[in-house]
Amino acid sequence: MPLDAPARPCVLIPVYNHAAAIQRTCEGARCLGVPLLLVDDGSDRECAAVLDALAKAEDVTLVRLPTNRGKGAAVKAGLHEAEHLGFTHALQVDADGQHAPEDFPPFLAGLTAMSRELRVGYPRFDDSVPRHRFYARYATHLLVWLNTLSFALRDTMCGVKLYPVAEVNRLTRRHGCGNRMQFDTELPVRWLWAGLPTCNLPVRVHYPLDGISHFALWRDNIQLAAMHVRLFFGMLRRLPRLLAKRGSSRK
1 MPLDAPARPC VLIPVYNHAA AIQRTCEGAR CLGVPLLLVD DGSDRECAAV LDALAKAEDV
61 TLVRLPTNRG KGAAVKAGLH EAEHLGFTHA LQVDADGQHA PEDFPPFLAG LTAMSRELRV
121 GYPRFDDSVP RHRFYARYAT HLLVWLNTLS FALRDTMCGV KLYPVAEVNR LTRRHGCGNR
181 MQFDTELPVR WLWAGLPTCN LPVRVHYPLD GISHFALWRD NIQLAAMHVR LFFGMLRRLP
241 RLLAKRGSSR K
């Protein structure tokens with residue numbers, strides 16, 4: 001494929017019981033003028049009916065998982081379908097409409113089919129953000145900076161990310177990267193470990209249209225803690241190479 005061949009992006013939206021917000025989220029994402037790929041992660045009947053109605057539009061493809069498997073599993077299912085459909089890149093957007101669509105275009109700017117840059121959103125919060133969430137994010141930031149020995153990733157938890165589809169699918173086939181909330185953080189860390197390029201882009205965040213959070217306090221915190229421990233030992237195995245890379249970047 002020529003290096004300057006045009007990209008074929010889509011917007012990938014994992015959905016779990018966001019019946020009240022998903023239509024408006026889709027309308028906002030349409031500012032990009034690219035197809036929408038919705039992944040129903042085992043939603044209830046109300047939300048499933050809304051998704052069925054949205055899927056009647058020519059620019060919408062719906063993937064349906066029979067049971068709820070988690071955000072990471074939904075994104076991975078969507079990425080596999082995106083590759084099957086011939087998309088080169090997928091812009092992940094959260095279904096609850098908390099992200100400003102006006103900030104999406106830079107994620108697709110200058111793309112070619114061969115672009116391998118993982119573009120990661122970092123939030124610009126307004127006054128609606130719960131303060132405990134705002135401060136709790138920094139625990140993850142510190143662990144990510146430790147496990148990568150760099151500040152290259154400003155915020156791995158933001159739900160807006162531009163994925164080079166084929167490259168991400170290769171990485172997840174090898175490492176998994178978690179089926180629930182772990183995916184958002186583990187994928188960028190392993191991407192950076194692989195020496196692949198990243199870019200951080202700002203996204204305005206307003207919490208949220210429908211007030212639904214699917215974060216399960218005990219389950220997800222235990223899984224996230226296990227992920228950070230796993231990444232820490234992964235960092236130790238890679239320590240000589242990471243230090244060498246850090247040294248070379250200072251020259």
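So the sequence shown is numbered by full-length UniProt numbering: it starts at 1 and just counts up by one. Ideal Cβ placement from N, Cα and C applies to all residues, glycine included.
Neighbourhood of residue i by C-beta, 6 angstroms cutoff - its chain only, sequence neighbours within 5 removed
i: lysine 76; result: Thr172
i: threonine 61; result: Leu37
i: asparagine 200; result: Val120, Tyr122 and Arg154
i: aspartate 4; result: Thr112
i: leucine 91; result: Val11, Phe107 and Leu162
Which listed residue (the options) has its alpha carbon closest to that of residue i
i: glycine 234; options: Pro197, Trp193 and Ile222; result: Trp193
i: arginine 64; options: Ala48, Leu79, Cys199 and Ala82; result: Ala48
i: proline 35; options: Arg69, His18, Leu85 and Ala19; result: Leu85
i: asparagine 17; options: Ala100, Asp4, Asn68 and Leu196; result: Asn68
i: glutamine 98; options: Leu54, Arg116, Cys10 and Phe125; result: Phe125
i: arginine 230; options: Arg241, Lys245, Leu201 and Gly176; result: Gly176
i: lysine 245; options: Ala95, Gly195 and Gln182; result: Gly195
i: leucine 239; options: Glu117, Leu149 and Tyr138; result: Leu149
i: aspartate 44; options: Gly28, Pro101, Ala29 and Val15; result: Val15
i: alanine 225; options: Tyr207, Pro188 and Ala139; result: Ala139
Residues bridged to residue i (per DSSP)
i: alanine 90; result: Cys10 and Tyr163
i: phenylalanine 125; result: Val205
i: leucine 118; result: Thr198
Inter-residue spacing [alpha-carbon to alpha-carbon] between residue i and residue j
i: alanine 7; j: threonine 88; result: 6 angstroms
i: threonine 112; j: glycine 42; result: 34 angstroms
i: aspartate 40; j: proline 66; result: 8 angstroms
i: isoleucine 13; j: aspartate 52; result: 14 angstroms
i: tyrosine 122; j: valine 205; result: 9 angstroms
i: glutamate 186; j: glutamine 223; result: 11 angstroms
i: histidine 228; j: leucine 143; result: 7 angstroms
i: glycine 178; j: glycine 33; result: 31 angstroms
i: glutamate 58; j: alanine 152; result: 38 angstroms
i: alanine 20; j: alanine 74; result: 19 angstroms
i: glutamine 182; j: lysine 56; result: 32 angstroms
i: glycine 159; j: aspartate 184; result: 7 angstroms
i: glycine 78; j: valine 203; result: 22 angstroms
i: alanine 95; j: leucine 242; result: 35 angstroms
i: arginine 174; j: tryptophan 191; result: 12 angstroms
i: threonine 156; j: methionine 114; result: 23 angstroms
i: glycine 28; j: arginine 237; result: 43 angstroms
i: asparagine 169; j: cysteine 31; result: 26 angstroms
Same chain, Cβ closer than 8 angstroms to residue i, five either side skipped, listed in chain order
i: leucine 146; result: Phe232 and Met235
i: arginine 116; result: Pro164, Glu167, Leu196 and Pro197
i: cysteine 26; result: Ile13, Leu36, Leu38, Leu54 and Val60
field: Segments assigned beta strand (DSSP E), at least 3 residues, entirely inside the UniProt domain "Glycosyltransferase 2-like" (10-116)
entry: Within the UniProt domain "Glycosyltransferase 2-like" (10-116), the complete beta strand (DSSP E) runs of at least 3 residues are 36-41, 60-65 and 89-92.
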